[in-house]
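Numbering (the numbering used here), first residue to last: 40 to 629.
All residues carry an ideal CB built from backbone N, CA and C; glycine is no exception.
Values in this document were obtained by computation on a predicted structure and should not be read as measured data.
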């Protein structure tokens with residue numbers, strides 16, 4: 040009898056073993072119990088889905104803010120690995136930027152999901168909607184300063200989610216019947232052997248198994264997978280559950296790793312590096328100094344532009360490997376981005392330790408790198424900041440070491456410099472000059488000085504070189520070496536160059552015809568490509584001629600440092616310009 044019952048459903052067992060006297064009371068208890076179970080299951084399901092969507096919104100917020108389509112798509116693919124995810128929509132700037140729908144759920148109304156996502160982005164409030172067999176959850180995505188930058192909406196397939204709830208409720212009902220039917224001891228024993236025995240065995244394995252260590256649980260469940268009743272269903276479902284849980288745990292680990300590591304070099308990224316710095320500062324002893332070395336590769340852009348991005352990536356991997364060989368155990372190496380790396384040094388006295396490490400790094404990266412049959416020679420400029428003297432938090436140490444890198448590059452590259460307070464003062468002065476420089480042209484604070492050009496063969500003055508000076512109301516005459524680099528950085532060099540050419544022409548028009556004027560032009564202005572029109576326009580405005588049959592020497596010589604001076608003559612009027620003007624352009628060494 041028991042053998043026959045064991046292969047029937049639990050509902051049949053209840054009908055056979057339960058007495059009619061218990062039916063009315065049992066129905067009431069089961070109805071209440073099922074209601075509580077369903078309500079709890081719905082809430083649990085909603086909470087679980089909300090956690091996933093909120094977690095995804097936090098993880099993908101950076102990619103959404105940057106509209107990084109490839110990274111967003113990778114997150115969506117990870118989400119779609121959950122078989123319950125029927126579709127996902129990502130919005131930013133009140134428009135849909137990513138929309139994916141599972142092929143297994145083509146009937147899911149993706150347009151409705153998109154409308155909900157846009158609504159949530161506008162209202163900045165989470166919304167949940169049940170539509171047919173799907174549960175729509177949409178949450179706003181927060182960016183910097185908790186500002187809403189978009190939204191993520193996910194459609195979850197909830198069809199049949201109550202099946203397991205009903206199965207659990209029925210099992211609990213059987214246990215309740217066993218307790219209530221004291222007179223049916225034999226049947227209680229049978230129910231315990233047929234129902235609770237397997238569950239207890241599996242539960243014992245679950246309690247003794249570490250999180251996601253599913254082998255023991257799956258082994259226990261496999262003993263009952265052959266059964267045709269609910270225990271067999273449960274055993275098979277439990278096996279699937281642990282398989283999915285292990286996979287989700289693995290994917291979660293991958294996502295967490297990607298959020299804190301550089302995809303190319305597998306090194307910690309800036310975010311993780313800042314966390315490491317703050318942890319080190321919190322845990323350091325009074326006598327322990329912490330050094331941050333900011334590394335900026337020299338000539339990397341030339342390699343990247345000449346040999347291609349694939350070669351550039353290979354070079355970065357080689358650099359990461361060499362840097363890893365330079366540091367010691369306990370130090371942290373990261374890639375900040377682009378061609379910038381950083382090292383957190385904890386294992387040495389300072390500043391001697393940082394100086395020794397910087398020297399090792401400089402020597403290691405000075406050696407040529409073989410890439411695809413080419414030898415690439417780079418270098419590295421290193422800035423060093425030491426805590427606590429140069430800062431007591433990650434942001435300050437990185438900022439100050441970055442300023443030290445700037446000084447190392449200014450001093451000739453491929454070396455290292457320690458941060459000093461004077462660097463901050465120079466940076467403040469530079470920022471002040473930058474703000475005043477933007478107004479200087481409008482306020483007519485620039486003027487031209489003329490330096491004679493001597494013909495060494497005749498000893499005579501053959502012309503003049505126009506030199507721009509900035510008459511600052513407080514600083515007096517400012518040298519071009521101070522403000523020209525700033526003008527190039529902030530995009531003011533082109534209008535300033537146009538003014539210099541025009542002013543030189545206006546003054547040259549007042550001089551004897553045989554006198555030549557040379558004007559220094561920034562490479563940035565040559566690369567813009569319209570230097571010819573600028574010169575001809577200035578000549579026309581000053582009533583000067585570009586040349587003629589009786590002109591034997593140029594009136595003006597345009598001098599610039601640019602790798603491709605011929606580009607400036609690629610437009611209309613180039614031939615006339617080239618035949619009457621001299622463009623001196625020393626090649627810039629690569």
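When DSSP states are grouped into helix, strand and coil, residue 526 belongs to the helix group.
Considering only 541, 559 and 552, the residue with the shortest C-alpha distance to residue 575 is 541.
Rounded to the nearest whole angstrom, the C-alpha separation of residue 404 and residue 373 is 16 Å.
Residue 456 is bridged by DSSP to 422. Counting only unbroken stretches of 4 or more residues, the alpha helix (DSSP H) elements lying wholly within the segment 279-360 are 309-322 and 339-346, in sequence order. Assignment of residue 162 by DSSP, reduced to helix, strand and coil, places it in the helix class.
Nearest neighbour of residue 313 by Cα position, chosen from 100, 281, 80 and 434, turns out to be 434. Separation of residue 381 and residue 334 (C-alpha to C-alpha, rounded to the nearest whole angstrom) is 5 Å.
Taking the C-beta atoms as reference points, residue 72 is found nearer than 9 Å to residue 212. With contacts defined by Cβ atoms closer than 9 Å, residue 128 and residue 152 form a contacting pair. The Cβ atoms of residue 329 and residue 425 sit closer than 9 Å to each other. In chain order, 526, 561 and 563 place their CB closer than 6 Å to the CB of residue 532, counting only its own chain and leaving out the 5 sequence neighbours on each side. Closest in alpha carbon position to residue 357, among 409, 393, 316 and 315, is 409. Residue pairing of residue 504 in beta bridges, as defined by DSSP: 490 and 557. Here residue 301 is buried, its C-beta having at least 16 other C-beta atoms within 10 Å.
Within the model, the alpha-carbon separation for residue 322 versus residue 78 is close to 47 Å. Counting of Cβ neighbours within 10 angstroms places residue 510 among the exposed residues, the total staying below 16. Residue 494 sits exposed, since fewer than 16 C-beta atoms from the chains shown fall within 10 Å of its C-beta. Under the three-state reduction of DSSP output, residue 181 falls in the strand class.
Closest in alpha carbon position to residue 136, among 85, 431, 459 and 102, is 102. Annotated as proximal: residue 557 and residue 502, with beta-carbon spacing under 9 Å. Pairing residue 572 with residue 371, the inter-Cα distance amounts to about 54 Å. Our two residues, residue 516 and residue 537, have alpha carbons roughly 21 Å apart in a direct line.
Three or more beta-carbon pairs drawn from the segment 111-122 and the segment 277-291 are found closer than 8 Å, and the two stretches are therefore classed as touching.
For residue 380, the uninterrupted beta strand (DSSP E) segment begins and ends at 379-384.
Assignment of residue 479 by DSSP, reduced to helix, strand and coil, places it in the helix class. One Cα belongs to residue 346, the other to residue 109, and the distance between them is close to 24 Å. Measuring C-alpha to C-alpha distances from residue 198 to each of 461, 132 and 171 identifies 171 as the nearest. When beta bridges are read from the DSSP output, residue 372 appears opposite 382.
Taking 9 Å as the cut-off, the beta carbon of residue 299 is found no closer than this to the beta carbon of residue 331. DSSP, read as helix, strand or coil, puts residue 136 in strand. Within the DSSP secondary-structure output, residue 498 pairs in no beta bridge. In this structure, the beta-carbon distance from residue 583 to residue 534 does not fall below 9 Å.
Annotated three-state conformation of residue 174 is strand, per DSSP.
The C-alpha of residue 100 is placed about 6 Å away from the C-alpha of residue 182. Put simply, the backbone Cα of residue 521 is about 15 Å away from that of residue 513.
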